[in-house]
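Trainee:
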Amino acid sequence: MTVSNAPGNPSASSDASAVSTGNAVPKGAGRAAGAQLTSLFSNHLLNRIERMRLKPLRRLTNRSRGEHLAGKGGHSTDFADYRDYAAGDDLRYVDWNIFARLRRPYVKQFLHEEELHVCLLVDTSTSMTFGDKLHRAQQLAASFGIMGLMGVERVSVFAVGRTTGHPAMLPPGSGRQRIRQLLNFLETLEPGGDAQIDEAIDVMLRFHRGRGIAVVLSDFLTFGDLSRSANLLYSAGLELWGVQILSEEEIQPQFEGDLRFIDSETGRSLDITNAAELLNIYQDQKKWLQDALNTLCRRRQGRFVSCSAAMPLESLLFDHLCRLGWVVR
Numbered sequence: 052m053t054v055s056n057a058p059g060n061p062s063a064s065s066d067a068s069a070v071s072t073g074n075a076v077p078k079g080a081g082r083a084a085g086a087q088l089t090s091l092f093s094n095h096l097l098n099r100i101e102r103m104r105l106k107p108l109r110r111l112t113n114r115s116r117g118e119h120l121a122g123k124g125g126h127s128t129d130f131a132d133y134r135d136y137a138a139g140d141d142l143r144y145v146d147w148n149i150f151a152r153l154r155r156p157y158v159k160q161f162l163h164e165e166e167l168h169v170c171l172l173v174d175t176s177t178s179m180t181f182g183d184k185l186h187r188a189q190q191l192a193a194s195f196g197i198m199g200l201m202g203v204e205r206v207s208v209f210a211v212g213r214t215t216g217h218p219a220m221l222p223p224g225s226g227r228q229r230i231r232q233l234l235n236f237l238e239t240l241e242p243g244g245d246a247q248i249d250e251a252i253d254v255m256l257r258f259h260r261g262r263g264i265a266v267v268l269s270d271f272l273t274f275g276d277l278s279r280s281a282n283l284l285y286s287a288g289l290e291l292w293g294v295q296i297l298s299e300e301e302i303q304p305q306f307e308g309d310l311r312f313i314d315s316e317t318g319r320s321l322d323i324t325n326a327a328e329l330l331n332i333y334q335d336q337k338k339w340l341q342d343a344l345n346t347l348c349r350r351r352q353g354r355f356v357s358c359s360a361a362m363p364l365e366s367l368l369f370d371h372l373c374r375l376g377w378v379v380r
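Numbering (my numbering), first residue to last: 52 to 380.
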């Protein structure tokens, strides 16, 4: 991919997160209603996303402390951040000093022996520019990343697009203070190229260390076999979450007559006579691809979902993915 390493604070490459100290007021509590933090979604939606958490299949979750634990368990008394109180939280971890000042309960979060790593792979290839798919991928990557950061997990982002050079990446980091850098990185991703998902996964694994989740956001309209890459992710302790994003035109195409199709990534063309007759074949092939991707993920204790880029983000996050058990309120 002809892209450079992401600009930003040099400390972003550090393995350790910046740790809050004392009884500082949580940053989200003082966010100005009129100051838009990102172009990806509204501040109101951002506040709702911050209260959500990722729900991996292969990990244990301790809701009272807001952390994901390794199977061996283990706790630390190192203070990391705050989050909003939720019903069922242990009252021992409520910061009563902040409650007295803001009249709103916040729960202290502590670092554990092993953090969950959230690796986000965003497909920025040329095909993702069709039907607003890339914008939806950026929104979902931001949402998953924020949920991870608010859960005191380590979050990294890799762009999948061009085939030469080093990948555009946001190195692993954790903590609420990382949110702005995450949003800035995603907002500035440039589309282009025809890199394959399996090649991008190979590159990502050169930089990644630790167990967790690998979220691949793509239309998956790609050549090549993903089985090897999925096996590598599984062996690395990463739970594969495949999120296929398609435009409405790709989900329910409406064609008739004689047409010329041009591949947006390779430039190759294909002339079709009476395109309407091929729609049933197209739908069969699309279903076959989705079934194959679903099987690929589930056989490695992962998960897969296909969604429309036109579906409202709120419905996708707070309804569809909640019902599927990907995220929790």
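C-beta atoms are modelled at their ideal positions from N, C-alpha and C, and glycine is treated no differently.
(1) Leaving out five residues on either side along the sequence, give the residues of the same chain with a beta carbon under 7 Å from the beta carbon of residue 312.
(2) How long is the line joining the alpha carbons of residue 277 and residue 249, rounded to whole angstroms?
(3) Are there 16 or more other CB atoms within 10 angstroms of the CB of residue 175, so buried, or fewer, so exposed?
(4) What does DSSP give as the partner residues of residue 168 in its beta bridges?
(5) Using alpha carbons as the reference points, say which of 222, 89, 87, 178 lies closest to residue 314.
(6) When DSSP labels each residue in this structure, what does residue 290 get in the three-state scheme?
(7) Going by DSSP, which residues form a beta bridge with residue 386?
(8) Out of 168, 183, 363, which one is the CA nearest neighbour of residue 200?
(9) Is it right to say residue 244 is buried, meaning 16 or more other beta carbons lie within 10 angstroms of its own, or is it exposed?
(10) Using the Cα positions of residue 212 and residue 144, report the straight-line distance between them to the nearest angstrom.
(11) Do the CB positions of residue 294 and residue 191 come within less than 8 Å of each other?
(12) Express the C-alpha separation of residue 261 and residue 152 in angstroms, rounding to a whole number.
(13) Helix, strand or coil: how does DSSP classify residue 361 here?
(14) Please report the distance separating the alpha-carbon of residue 338 from that of residue 106.
(15) Is it a yes or a no for the stretch 250-258 touching the stretch 201-211, going by three-plus beta-carbon pairs under 8 Å?
(16) Measuring alpha carbon to alpha carbon, tell me which residue in 340, 332, 132, 367 is nearest residue 229.
(17) Quick check: the Cα distance between residue 189 and residue 237, rounded to an integer number of angstroms?
(18) Given a threshold of 16 other Cβ atoms within 10 Å of its Cβ, counted over all protein chains shown, does residue 86 qualify as buried or as exposed?
Mentor: So, from the data block:
(1) Residues of the same chain with a CB within less than 7 Å of the CB of residue 312, apart from the 5 flanking positions on each side, are 320, 321, 323 in chain order.
(2) Straight-line Cα distance between these residues: approximately 6 Å.
(3) If you draw a 10 Å sphere on the C-beta of residue 175, you find 16 or more other C-beta atoms in it, and that means buried.
(4) BP columns for residue 168 point to 205, 263.
(5) Residue 178 is the option with its Cα nearest to residue 314.
(6) In the three-state reduction of the DSSP assignment, residue 290 falls in the strand class, which pools E and B.
(7) Residue 386 lies beyond the range of the chain shown here (52 to 380); nothing can be said about it.
(8) Among 168, 183, 363, the Cα nearest to that of residue 200 belongs to 168.
(9) Burial is judged here by how many other beta carbons sit within 10 angstroms of a residue's own beta carbon; residue 244 has at least 16 and is buried.
(10) Rounded to the nearest angstrom, the two C-alpha atoms are 44 Å apart.
(11) In this structure, residue 191 lies closer than 8 Å to residue 294 by Cβ.
(12) Whole-angstrom Cα-Cα distance: 39 Å.
(13) Looking at residue 361 - three-state DSSP - the assignment turns out to be coil, as it is neither helix nor strand.
(14) If you draw a straight line from the Cα of residue 338 to the Cα of residue 106, it comes to about 27 Å.
(15) The stretch 250-258, when compared against the stretch 201-211, does touch it at the 8 Å Cβ threshold.
(16) Comparing alpha-carbon positions, the option among 340, 332, 132, 367 lying closest to residue 229 turns out to be 132.
(17) So the alpha carbons of these two residues sit roughly 6 Å apart.
(18) Exposed: under 16 other Cβ atoms inside 10 Å.
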